[in-house]
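Here our numbering is used: the first residue of the sequence shown is 1, the next is one more, and so on.
All C-beta atoms in this analysis are idealised placements derived from N, C-alpha and C, irrespective of residue type, glycine included.
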Amino acid sequence: MSSNEDKPHGVPVPKDASATNSVDHERIQRAVREILLAVGEDPDREGLVETPARVARMYAEMFSGLREDPRRHLKKVFTERYDEIVLVRDIQFQSMCEHHLLPFMGKAHIGYVPAGKVLGLSKLARLVEAISRRPQVQERMTEQIATMMVEELSPKGVAVVVEAEHSCMALRGVRKPGSRCVTSAMKGLFRDNLSTRAEVMHLIYGDRR
Ligand code: ZN
């Protein structure tokens, strides 16, 4: 990926769907075989023979978000005169840390205050899915969700909180399983108005904090 200028917030949007439509399974298989050889394994032994193909299928699934535009889930809106907080809590996601290609997974909470346009609730889960199924970092993912909501819905405010456990922290390096990383992005009302922000945080966490 070279230029980010025509794809705001680093989300690559395929211009020509046919060019990016399929993952190159054979290329992944060759690469995985190379990795096995490089670490001193025998990729032809029984237990490993099917591994490159399995990994290729897994990557095709984990990175399927690269082949869709997350914004498409924000295009269908309803006109409603509701101007209180809408919150979808505990949206489970699985993503892949782009620094280590190890999974990080957790929950996203998305709140917004509509300004005339309301989304179908399942669309927020689809948005999270499309943004998380690609090489990611949690901070960028959080910001991307909030920014796309702002740009597509023009709501009075958006609050996005993401909490996740990173296997790259649990398995290697500092090896601290169980620690969670929490990121948030607050836009509009949620940034400017402390009581609105407190209200959404209370809706997300209740008395758990
Ligand atoms: Zn990592």
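Closest option to Ala-53, judged by alpha-carbon separation, among Gln-144, Arg-71 and Arg-27: Arg-27. DSSP lists Val-88 and Val-160 as the beta-bridge partner residues of Ile-110. In terms of CA proximity to Val-128, Ser-64 leads the group Ser-64, Thr-51, Glu-46 and Gly-47. Shortest gap from the CB of Cys-97 to any heavy atom of the ligand ZN: under 7 angstroms. In this structure, Ile-145 sits near Ile-131, with a CB-CB distance shorter than 8 angstroms.
For Val-23, same chain residues with a beta-carbon under 6 angstroms away, outside a window of 5 residues either side, are Ala-60 in chain order. In this structure the segment 158 to 170 touches the segment 99 to 109; the number of beta carbon pairs closer than 8 angstroms is three or more. Using a cutoff of 7 angstroms, the CB of Leu-102 counts as near the ligand ZN, since one of the ligand's heavy atoms is closer than that. Within the same chain, Glu-165 and Ala-170 come within 8 angstroms of Gly-178 by CB-CB distance, once the 5 residues on both sides are set aside.
Non-local beta-carbon contacts of Asp-90 in its own chain, meaning distances under 6 angstroms to residues more than five positions away in sequence, involve Lys-107 in chain order. By the Cβ criterion, the segment 64 to 82 is not in contact with the segment 31 to 50, since fewer than three pairs of Cβ atoms, one from each stretch, lie closer than 8 angstroms.
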